[in-house]
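Have a look at this one:
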């Protein structure tokens, strides 16, 4: 069903205003980050600020084209766009240019093109198109696993490049699934996995497993309030563990404490599970499955940390967790970034007067660490304004998503919010040392044509969908 409306008049002016303000502020900070008195011309194409100016103009032109295109195009060609971008992600693994150890870029003459930046809006479109089919119920396993596959497939391809930063960004789409009805237990499991990941580096595995066992028994008691049965479970585990320690002196001399504890947990769990299965006490079985899954996950974290992550990535995690200090090596960027932001004080040192910025103490200051330029030259006040702009934009986009009459548009809108949020949170968190350095840009601020155009398309497709929310009722 179609209604005639004036699209240009119905575009959300507030979102566009914030977008333009971010482009302007981003360009001025890129100029400050790479400023050189020998190259002070604004349109000097040999400098990053000159190139970024050209990318901004290109992004604005592309934004106009995105708005001009009929809404039905995004709806009917969502899978085609997604498939094309997945093909490019496969192709870049073989034909891409290796930059900083990652084969993430196509080189087209003087230009480079990063398909992972565009795969974000492609994934958002495909996810929206799939969930729009008869308003699928995410509580059904088949729907959840298919939705997850749409998200995880590009993430795996990007991980092969390898680009762990962009891989993490795609996990933001699970926020969309939660909004659209994904079981809260899955969301809770995801949060617990993140917590366990960090606890793994702070607590010895043996004590962490014992803590999880204690939590499992406490959880079982809170659910059932059957003290006698809980004490029986503790007794079974205690006896099996004591027996294993006794037998180790004769049969398993080389068995480590952690392995012994795992065997005791397995054996006592089998006895405990069989006992309560025969009594149809399913809640105990589920808690044991949760406990076993947590233990397996902890050991998989060890495997991934030792076998999957590269040395510099492991060092970044260790430095962030306080396990290691390397102020002149891997931790140099973060330390200099913190110094830069802290030296800005409340009002900053003034535009083009940042000493950390001027003398290039912070590498990648025009890209991944652009926020520290803001903190040094504009101070806490400037950083607060930038954070405020992002917060207001995200809240505005949530409001726009909630007012959609089309299921497709709402899902896509939350995809936009999720991607922008994860980029904003991780990028600013990197500069102040609360998350590992994984190298992702600050949307609309960081230098880079692929990221700027990718974010612009991502945002303006949604603004186009919002403007036509009464034009097409899918």
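Residue numbers (the numbering used here): 23 to 496. Backbone N, C-alpha and C fix where the C-beta goes; we use that ideal spot for every residue, glycine too. In this text, all values refer to a predicted model and were calculated from it rather than measured experimentally.
Asked, Found
"Contact test: residue 118 Cβ vs the ligand NAP heavy atom, cutoff 6 Å", "Only the bare structure without any ligand can be found here, which leaves the ligand NAP out of the picture."
"Distance CB(residue 420)-CB(residue 433) smaller than 7 Å", "no"
"DSSP-derived helix/strand/coil call for residue 425", "coil"
"Buried versus exposed, by CB contacts within 10 Å (16 or more), residue 108", "buried"
"Beta-carbon contacts of residue 454 that lie in its chain and below 7 Å, excluding the five residues immediately before and after", "360 and 363"
"Cutoff 7 Å; reference residue 285; Cβ partners in own chain excluding five residues on either side", "266"
"Strand pairing of residue 324, partner residues [DSSP]", "None; residue 324 has no bridge partner."
"Inter-residue Cα distance where the pair is residue 113 and residue 183", "11 Å"
"For residue 119, three-class secondary structure by DSSP", "strand"
"Residue 139 burial status per 10 Å Cβ neighbour count (16 or more: buried)", "buried"
"Stretch pair the segment 440–451 + the segment 46–57: three plus CB contacts closer than 8 Å", "no"
"Coarse secondary structure for residue 134, derived from DSSP in three states", "strand"
"Distance between residue 475 and residue 99 (C-alpha atoms, nearest Å)", "20 Å"
"Residue from 92, 148, 229 and 216 whose Cα sits closest to the Cα of residue 195", "148"
"Whole-angstrom C-beta distance between residue 468 and residue 396, which should lie under 8 Å", "About 11 Å; that fails the 8 Å criterion."
"Outcome for residue 375 when other beta-carbon atoms lying within 10 angstroms are tallied against a minimum of 16", "exposed"
"Straight-line Cα distance separating residue 312 from residue 264", "24 Å"
"Cα-Cα separation, residue 130 to residue 310", "55 Å"
"Beta-carbon proximity of residue 489 to residue 94, cut-off 7 Å", "no"
"Per DSSP, cross-strand counterpart(s) of residue 125", "120"
"Contact under 7 Å by Cβ, residue 401 with residue 368", "yes"
"CB contact flag (residue 480, residue 142, <7 Å)", "yes"
"Buried or exposed (CB count within 10 angstroms, at least 16 for buried), residue 484", "buried"
"Residue 289 versus residue 254: straight-line alpha-carbon distance, rounded", "15 Å"
"The segment 117–127 touching the segment 403–422, judged by at least three CB pairs closer than 8 Å", "no"
"Under 7 Å between C-beta atoms of residue 472 and residue 136", "yes"
"Contact check, residue 460 vs residue 193, beta carbons under 7 Å", "no"
"Status (buried if at least 16 other CB within 10 Å, exposed otherwise) for residue 424", "exposed"
"Residue 333 in three-state terms, based on DSSP", "helix"
"Cα-Cα separation between residue 82 and residue 46, rounded to whole angstroms", "12 Å"
"Three-way DSSP call (helix, strand, coil) for residue 493 in this model", "coil"
"Own chain, CB closer than 8 Å to residue 407, minus 5 neighbours either side, in chain order", "400"
"Buried versus exposed, by CB contacts within 10 Å (16 or more), residue 370", "buried"
"Coil, strand or helix - residue 205 by DSSP", "coil"
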